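A.B. asks: Submitted below is the structure of interest, expressed as structure tokens.
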Amino acid sequence: MTTAEIAKDFTELLKRGDSHGAAAKYNADDIVSYEAMEGPMAVCNGKEAVKEKGAWWEANHEVHGGSIEGPYVNGDQFALRFSFDVTPKSTGERVKMDEVGLYTVKNGKISEERFYY
1 MTTAEIAKDF
11 TELLKRGDSH
21 GAAAKYNADD
31 IVSYEAMEGP
41 MAVCNGKEAV
51 KEKGAWWEAN
61 HEVHGGSIEG
71 PYVNGDQFAL
81 RFSFDVTPKS
91 TGERVKMDEV
101 GLYTVKNGKI
111 SEERFYY
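In this text, residue positions in the sequence shown follow the UniProt record's numbering: the first is 1, and each later residue adds one.
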């Protein structure tokens, strides 16, 4: 599959609410995930660590709605824009989130993801 084909299918899975299926299908075993923050989840190495980061996020946020725009493809990378309406359980304060995810594809899998917010 081309980067554009992977990006399109990955995005469609996310839009259908199947983030677990998208990650299982497309994340490389040695994926590296970078968040724009400090702390233990700023950099996650490996498919299992990225899965654990996602599980932590789901357990600690109530999602009221959201949208995904893209994919925007350039070479071996694609970007998605995420907008979410969430309540972090730690604060109880409902907020709007807006972030961009930049994904790098190698050998038919997502080898890196970087989030900007």
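Just so you know, even glycine gets a beta-carbon here, dropped at the ideal spot from N, CA and C. These numbers come from a predicted model, not from an experiment.
Using a 10 Å radius around the Cβ and a threshold of 16 neighbouring Cβ atoms, would you call residue 101 buried or exposed?
C.D. replies: On the sequence shown, position 101 is the one that residue 101 refers to. Buried, since its Cβ has 16 or more Cβ neighbours within 10 Å.
A.B. asks: Which residue wins for smallest C-alpha separation from residue 117, given the options 75, 60, 73 and 96?
C.D. replies: Within the sequence shown, the letter at position 117 stands for residue 117. Comparing Cα-Cα distances from residue 117 to each of 75, 60, 73 and 96, the minimum goes to 96.
A.B. asks: To the nearest angstrom, how far is the alpha carbon of residue 13 from that of residue 19?
C.D. replies: Along the sequence shown, read from residue 1 onward, the residue named residue 13 stands at position 13. Along the sequence shown, read from residue 1 onward, the residue named residue 19 stands at position 19. If I take the Cα positions, the gap works out to 7 Å.
A.B. asks: Looking at the structure shown, is residue 3 part of a helix, part of a strand, or coil, going by DSSP?
C.D. replies: In the sequence shown, the residue the question calls residue 3 occupies position 3. It is helical.
A.B. asks: Check residue 53 in the structure and name its three-state DSSP category.
C.D. replies: Locating residue 53 in the sequence shown gives position 53, counting from the first residue. DSSP places residue 53 in helix when its eight states are reduced to three.
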